[in-house]
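Take the sequence shown: its position 81, counted from the start at 1, is 81 in this note's numbering, and no numbers get skipped.
Only one structure is covered here, and it is reproduced in the block below.
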Amino acid sequence: MARHIKTGDTVVIIAGRDKGRTGRVLRVLPKKDRVVVEGINRVLKHVRPSQRNPQGGRIQKDAPIHVSNVMPVDPGTGKGTRIKMEVRDGQKHRVAIESGTDLGRVGKR
């Protein structure tokens, strides 16, 4: 099944404590139906001292959120939009519902 979210997309959060904020997708975890969005769902991770981090302490990192809680941003309007799949020139493309803007190919980059 084709995903409506890809790495590098700008998305708006539609549910949860970060609702209404936007960010760029850093990673997509398809087996878990989750995405990691830059600056969203920040959590504190406690790390013990090591050679890489001699001080130890708490570091902030972006935790994954469920893919159903994000919506791609339409570049034309700057708002969140739903996506439909269309075949154009023999290739599957993601198309914004409201404006009809092409959001890119599905599959290999």
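Each residue gets a CB set at the ideal place from its N, CA and C atoms; glycine is no exception.
Same chain only: Cβ atoms within 7 Å of residue i, ignoring 5 sequence neighbours per side
i           : result
residue 102 : 93, 95
residue 91  : 105
Start-to-end residues for the beta strand (DSSP E) that takes in residue i
i          : result
residue 63 : Note, residue 63: premise wrong, no beta strand (DSSP E); not H, not E.
residue 98 : No beta strand (DSSP E) contains residue 98, which DSSP labels as neither H nor E.
residue 86 : 83-88
residue 78 : First-last for residue 78: undefined, no H or E at that position.
Cβ-based neighbour list, residue i, same chain, cut-off 8 Å, excluding 5 preceding and 5 following
i          : result
residue 37 : 11, 13, 23, 24, 25, 26, 62, 65, 70
residue 60 : 42, 43, 44, 45
residue 5  : 11, 25, 28, 35, 67, 70, 72
residue 39 : 21, 23, 62
Anticipated Cβ contact below 8 Å, residue i with residue j, distance rounded
i          : j          : result
residue 72 : residue 80 : 7 Å
residue 85 : residue 67 : Not confirmed; about 16 Å, so no contact.
Beta-bridge pairing of residue i - partner residues as DSSP gives them
i          : result
residue 44 : 60
residue 72 : 11
residue 93 : 86, 105
residue 23 : 11
residue 34 : 29, 66
Rounded separation between residue i and residue j - CA only
i          : j          : result
residue 8  : residue 30 : 15 Å
residue 74 : residue 50 : 43 Å
residue 17 : residue 89 : 41 Å
residue 98 : residue 76 : 10 Å
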